[in-house]
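Residue numbers for the sequence shown follow numbering that gives the first Met the number 0, beginning at 0 and rising by one.
In this text, a Cβ means the ideal position worked out from N, Cα and C, and glycines have one as well.
To keep things clear, I will list the structure first and then write my remarks on it.
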Amino acid sequence: MELCYHCGDSCGEHVLAHHSKFFCCSGCKTVYDILYENNLSYYYDLDKSPGTTPKDFKGRFDYLDNPEIKAKLLDFDEQATQIASFTIPAIHCSSCIWVLENLSKLRPAIKSTQVNFPEKTIRITFNSAEISLKEVVELLCMLGYEPVISLQDFNKKERKKDRSLIYKLGIAGFAFGNIMFLSFPEYFEVEEFWLDRYKPVFRALMLVFSIPVVLYSARDYFTSAFKSLRSRMLNIDVPIALGILVLFLRSCYEVITNTGTGFFDSLAGLVFFLLLGKFFQQKTYAYLSFERDYKSYFPIAVTRLETEGTQRESQIPVYEIKPKDRILIRNGELIPVDGILIKGDALIDYSFVTGEAEPVSKKTGDTVFAGGKQQGGILELSVTKAVEQSYLTQLWSNEIFQKERQNELDSLTTKISKHFTLGVLGIALAASLFWWFVDPSKILHVFTAVLIVACPCALALSAPFTLGNLLRITGKHKFYLKDAGVLEQLAAIDTVVFDKTGTLTSASKEAIRYNGESLTEQEESLLTSTLRASNHPLSRSLYSMFQDYKIKVLDDFEEEPGMGITGTLKKQEIRVGSYAFVNALPPEKQQLADSHTSVHIATQTGYKGCYTFQTTYRSALKSVFRELSKNAELVILSGDNDSEQSRLNRLLDVPVAMHFNQKPEDKLKFIKSLQQQGKKVMMVGDGLNDSGALAQSDVGIAISENVNVFSPACDGILDASRFEQLPAFIKLARNGKRIIKWSFVLSLLYNVVGLALAVSGNLKPVYAAILMPLSSISIVAFTTLCTYYFGSSLKNPEEDK
Numbered sequence: 000m001e002l003c004y005h006c007g008d009s010c011g012e013h014v015l016a017h018h019s020k021f022f023c024c025s026g027c028k029t030v031y032d033i034l035y036e037n038n039l040s041y042y043y044d045l046d047k048s049p050g051t052t053p054k055d056f057k058g059r060f061d062y063l064d065n066p067e068i069k070a071k072l073l074d075f076d077e078q079a080t081q082i083a084s085f086t087i088p089a090i091h092c093s094s095c096i097w098v099l100e101n102l103s104k105l106r107p108a109i110k111s112t113q114v115n116f117p118e119k120t121i122r123i124t125f126n127s128a129e130i131s132l133k134e135v136v137e138l139l140c141m142l143g144y145e146p147v148i149s150l151q152d153f154n155k156k157e158r159k160k161d162r163s164l165i166y167k168l169g170i171a172g173f174a175f176g177n178i179m180f181l182s183f184p185e186y187f188e189v190e191e192f193w194l195d196r197y198k199p200v201f202r203a204l205m206l207v208f209s210i211p212v213v214l215y216s217a218r219d220y221f222t223s224a225f226k227s228l229r230s231r232m233l234n235i236d237v238p239i240a241l242g243i244l245v246l247f248l249r250s251c252y253e254v255i256t257n258t259g260t261g262f263f264d265s266l267a268g269l270v271f272f273l274l275l276g277k278f279f280q281q282k283t284y285a286y287l288s289f290e291r292d293y294k295s296y297f298p299i300a301v302t303r304l305e306t307e308g309t310q311r312e313s314q315i316p317v318y319e320i321k322p323k324d325r326i327l328i329r330n331g332e333l334i335p336v337d338g339i340l341i342k343g344d345a346l347i348d349y350s351f352v353t354g355e356a357e358p359v360s361k362k363t364g365d366t367v368f369a370g371g372k373q374q375g376g377i378l379e380l381s382v383t384k385a386v387e388q389s390y391l392t393q394l395w396s397n398e399i400f401q402k403e404r405q406n407e408l409d410s411l412t413t414k415i416s417k418h419f420t421l422g423v424l425g426i427a428l429a430a431s432l433f434w435w436f437v438d439p440s441k442i443l444h445v446f447t448a449v450l451i452v453a454c455p456c457a458l459a460l461s462a463p464f465t466l467g468n469l470l471r472i473t474g475k476h477k478f479y480l481k482d483a484g485v486l487e488q489l490a491a492i493d494t495v496v497f498d499k500t501g502t503l504t505s506a507s508k509e510a511i512r513y514n515g516e517s518l519t520e521q522e523e524s525l526l527t528s529t530l531r532a533s534n535h536p537l538s539r540s541l542y543s544m545f546q547d548y549k550i551k552v553l554d555d556f557e558e559e560p561g562m563g564i565t566g567t568l569k570k571q572e573i574r575v576g577s578y579a580f581v582n583a584l585p586p587e588k589q590q591l592a593d594s595h596t597s598v599h600i601a602t603q604t605g606y607k608g609c610y611t612f613q614t615t616y617r618s619a620l621k622s623v624f625r626e627l628s629k630n631a632e633l634v635i636l637s638g639d640n641d642s643e644q645s646r647l648n649r650l651l652d653v654p655v656a657m658h659f660n661q662k663p664e665d666k667l668k669f670i671k672s673l674q675q676q677g678k679k680v681m682m683v684g685d686g687l688n689d690s691g692a693l694a695q696s697d698v699g700i701a702i703s704e705n706v707n708v709f710s711p712a713c714d715g716i717l718d719a720s721r722f723e724q725l726p727a728f729i730k731l732a733r734n735g736k737r738i739i740k741w742s743f744v745l746s747l748l749y750n751v752v753g754l755a756l757a758v759s760g761n762l763k764p765v766y767a768a769i770l771m772p773l774s775s776i777s778i779v780a781f782t783t784l785c786t787y788y789f790g791s792s793l794k795n796p797e798e799d800k
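In structure tokens, the structure reads:
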């Protein structure tokens with residue numbers, strides 16, 4: 000079977016041959032012609048079948064002619080030069096980047112384009128006198144790169160990057176290197192005339208280099224220590240700040256009084272490694288959004304009917320919709336506000352809001368809620384509530400979305416910091432008391448030496464480098480976490496709550512079963528030809544089953560959006576669609592049609608039967624639940640009805656509490672009740688209906704078939720293809736906690752050696768210069784080796800196939 004030269008999909012029997020190449024549809028052929036005629040055919044040399052099939056976009060972007068909406072989408076607009084940025088999830092390879100950055104060859108009015116591959120975004124500069132924003136978007140759609148334009152773009156803010164840590168790390172590293180260089184003569188006690196003569200100059204330079212390290216690079220540690228003491232707490236930054244301050248003051252005293260070289264190298268090295276650990280832990284996935292809400296899903300504009308005089312349509316921003324306005328909702332469009340159905344038959348998919356998989360029918364006079372997607376024909380609604388007051392958006396007024404998320408699990412480092420600080424101060428005072436009776440001249444030297452050598456540098460590096468390594472390992476396996484703190488919370492989880500629809504079920508796989516009279520070969524051929532002419536998702540799914548049947552050119556084809564399709568060939572007719580559309584549903588089939596999504600078939604001879612679509616559960620569901628049940632309680636919390644409960648009980652062989660018909664607010668309250676019982680809860684969901692529960696839980700994980708398109712606000716995003724590795728990720732987080740404990744023991748051994756030198760009064764600058772960096776480097780090496788050892792247990796599912 001031939002594959003499409005452009006998109007790589009199967010062409011079936013109806014192949015379009017063109018330029019000795021094969022295409023599955025006229026859309027792919029048209030894109031090829033456009034690229035070929037503009038000398039852009041190199042696009043196909045960069046990757047095999049790199050394109051996507053373009054969709055019908057006629058009339059979909061009329062709202063871009065609205066000046067107010069256009070102004071919100073433009074990054075720059077001056078003297079006929081306009082710049083706009085879009086997110087394009089279809090960007091997936093070097094070919095995509097190449098063709099998008101060569102749009103100027105297709106339309107000279109486009110001056111330049113810049114593609115950000117990790118973030119799947121494009122920035123386009125164009126001449127607005129020759130091409131409009133709408134035409135730019137339609138050009139992208141024609142090439143198969145439809146941009147995502149949502150309500151979030153209406154008030155988009157420029158993302159500011161905080162580079163202060165990089166600057167602080169750079170200054171500390173620069174000072175550390177120069178101070179080490181200037182300290183070499185001191186280390187080896189070289190007796191040379193010019194070195195001895197300029198020794199005070201070298202020491203003065205070391206003092207100068209250390210000043211910005213203390214005042215700027217280490218500023219955050221002093222601030223944190225001050226806030227901690229003011230709150231009557233002792234966090235890990237208190238002994239760090241104390242050690243830095245003592246290092247600096249004692250070194251300044253020795254240099255100024257010319258009694259020694261000080262510990263400036265140890266000071267700069269300490270700050271450098273601490274900042275390096277913080278930088279290493281600051282691994283983020285900037286191209287993913289962990290704070291998405293309904294604005295990422297809602298349209299930016301809607302069609303309003305002007306009721307004065309003749310009904311005239313106008314495209315207005317969603318935020319301008321007011322109660323009593325009349326709006327149009329077309330097939331496949333999302334309903335952005337609550338309203339009353341005035342005209343049309345509604346078949347609304349609320350699965351993304353409630354989790355209920357079955358579409359809901361609405362008749363004239365019924366209330367329609369925001370967030371559903373119309374699957375039928377055109378609807379006319381009378382608005383009852385503005386977008387901010389709709390049922391769905393009220394979910395985001397919950398207090399859990401308004402407050403900053405606090406890390407409720409104290410890290411191991413924070414837990415031991417109080418005891419560590421008090422212990423160090425106790426040892427320092429005890430050593431001073433001892434030397435009071437033995438040699439009072441050494442009291443200050445010993446006291447400061449203890450505080451210097453016991454500075455918990457290695458201790459503070461354990462968690463950042465361990466968690467930083469784990470962030471990279473999980474990200475490599477398509478489990479993207481918001482920050483390192485999520486790993487610490489993940490290690491403490493004892494209850495796992497799952498949504499059902501879209502989480503336990505796979506949106507990309509469906510089981511299709513036929514019930515009814517067998518179709519003849521001629522009827523199946525006519526059915527295949529009719530299905531191929533339709534773009535409806537169910538039609539495409541069915542068509543994939545019949546590709547082997549010979550395609551014929553229909554004499555007549557008609558499609559009623561949301562209802563069904565009719566195909567005619569040589570006076571033979573077939574009707575495909577809902578039971579109401581085919582007009583021939585026997586009473587005994589009624590229950591079957593109501594319990595599952597079905598496509599019914601009727602011919603001239605009458606009703607034939609129906610194809611039932613049944614979502615399939617993820618293949619690894621049983622093994623995942625079995626592994627998780629060893630260390631956690633399991634719960635299924637679904638907005639769907641309980642029709643699948645018996646099937647789930649048969650599929651799962653471990654105890655699982657199941658709760659169905661749960662509204663979004665019910666899910667949030669359920670999670671909160673578990674936490675009030677002292678449970679550490681991880682919620683795994685996929686849609687807006689899970690957002691409250693995801694935000695309330697200790698760890699909220701969103702499963703996504705495409706991580707670049709949409710996922711609700713969460714702590715982590717798990718690619719659906721890695722669902723089977725969920726238990727392994729939790730185990731890896733727990734192993735990370737063990738690594739931190741082991742590194743604490745290693746750090747303690749270094750402190751014992753250092754304290755022995757300090758208490759005995761034998762701590763020399765050269766010893767501190769060797770011991771402190773050595774302890775830091777060894778901790779970094781130890782945590783890195785251990786994390787990658789445990790991380791190697793994670794296998795790539797594709798490699799096993």
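- [ ] Would you check if the distance between the CB atom of residue 697 and the CB atom of residue 668 is smaller than 8 angstroms?
- [x] no
- [ ] Say yes only if the C-beta of residue 420 is nearer than 7 angstroms to one or more non-hydrogen atoms of the ligand NAP, and no if none qualify.
- [x] No copy of the ligand NAP appears in this structure; indeed no ligand is present at all.
Task: CB of residue 480 within 8 angstroms of CB of residue 715, strictly - done: yes
Open item on the list: Less than 8 angstroms between C-beta atoms, sequence neighbours within five positions excluded: which residues of the same chain meet that for residue 656?
Closed with: 632, 633, 634 and 635
Task: Backbone CA spacing between residue 297 and residue 210 [nearest angstrom] - done: 52 angstroms
Open item on the list: Are the CB atoms of residue 462 and residue 778 within a distance shorter than 8 angstroms?
Closed with: no
Task: Cα-Cα separation between residue 498 and residue 640, rounded to whole angstroms - done: 12 angstroms
TODO: For my contact list, residue 243 and residue 275 are in at a C-beta cut-off of 8 angstroms; report their separation, rounded to the angstrom.
DONE: With 8 angstroms as the limit, residue 243 and residue 275 do not qualify as a contact, their Cβ atoms being about 15 angstroms apart.
Open item on the list: Once the 5 residues before and after residue 521 are set aside, which same chain residues still bring their CB inside 8 angstroms of it?
Closed with: 571
- [ ] Mark residue 362 as exposed unless 16 or more other C-beta atoms lie within 10 angstroms of its C-beta, in which case mark it buried.
- [x] exposed
TODO: Could you please give me the residues that DSSP links to residue 606 through a beta bridge?
DONE: 601
Task: Within the stretch 109-187, ranges of the beta strand (DSSP E) (whole runs, at least 3 residues) - done: 109-115 and 120-126
Open item on the list: Given a cut-off of 8 angstroms on the beta-carbon distance, is the pair residue 600 and residue 564 in contact?
Closed with: no
Task: Between the CA atoms of residue 241 and residue 231 - distance to the nearest angstrom - done: 16 angstroms
Task: Nearest to residue 134 (by Cα), restricted to the options 683, 377, 108 and 731 - done: 108
TODO: Label residue 434 either buried or exposed according to how many other C-beta atoms from any shown protein chain fall within 10 Å of its C-beta, with 16 as the threshold for buried.
DONE: buried
Task: residue 32, DSSP secondary structure in three states - done: helix
- [ ] With DSSP collapsed to three states, give me the class of residue 799.
- [x] Its pLDDT being 49, under 50, residue 799 is placed unreliably in this model, and the value from its coordinates should be taken loosely. Residue 799: helix per DSSP, three-state reduction.
TODO: Give me the Cα-Cα distance between residue 102 and residue 141, rounded to the nearest whole angstrom.
DONE: 12 angstroms
Task: residue 701 - containing alpha helix (DSSP H), residue span - done: No alpha helix (DSSP H) contains residue 701, which is instead part of the beta strand (DSSP E) from 698-703.
Open item on the list: Can you find the residues in the same chain that come closer than 6 angstroms, C-beta to C-beta, to residue 19, ignoring five residues on each side of it along the sequence?
Closed with: none
Open item on the list: Using a 10 Å radius around the Cβ and a threshold of 16 neighbouring Cβ atoms, would you call residue 690 buried or exposed?
Closed with: buried
TODO: Mark residue 180 as exposed unless 16 or more other C-beta atoms lie within 10 angstroms of its C-beta, in which case mark it buried.
DONE: exposed
Task: Member of 251, 258, 279 and 256 whose CA lies at the smallest distance from the CA of residue 266 - done: 251
Task: Length of the line joining the Cα atoms of residue 620 and residue 724 - done: 11 angstroms
- [ ] Starting from residue 18, follow its DSSP beta bridges and name the residues at the other end.
- [x] Answer by DSSP bridge pairing: none, since residue 18 is not bridged.
TODO: Closer than 8 angstroms by C-beta to residue 321: which residues in its own chain qualify, once you throw out the five before and the five after it? Chain order, please.
DONE: 382 and 385
Open item on the list: Do residue 334 and residue 373 have their beta-carbon atoms positioned less than 8 angstroms apart in this structure?
Closed with: yes
Task: Span separating the alpha-carbon of residue 227 from that of residue 233 - done: 6 angstroms
Open item on the list: Applying the 10 Å Cβ sphere with the 16-neighbour rule, what's the burial state of residue 592?
Closed with: Unreliable positioning characterises residue 592 in this predicted model, as indicated by a pLDDT of 43, which lies under 50. The coordinate reading is nonetheless provided below. With 16 or more Cβ atoms within 10 Å of its Cβ, residue 592 is classed as buried.
TODO: Could you tell me how far apart the beta carbons of residue 200 and residue 247 are, in whole angstroms, since I believe they sit closer than 8 angstroms?
DONE: The pair is not a contact, with the Cβ atoms about 20 angstroms apart (cut-off 8 angstroms).
Task: Residues of its chain near residue 431, where Cβ-Cβ distance is below 7 angstroms and the 5 sequence neighbours each way are ignored - done: 442, 445 and 446
Task: Contact set for residue 126: own chain, Cβ-Cβ below 7 angstroms, skip 5 residues either direction - done: 79, 80, 108 and 110
- [ ] Check whether the Cβ atoms of residue 366 and residue 339 lie closer than 8 angstroms to each other.
- [x] yes
Task: For residue 446, the three-state DSSP class (helix, strand or coil) - done: helix
Task: Identity of the residues DSSP links to residue 345 by a beta bridge - done: 361
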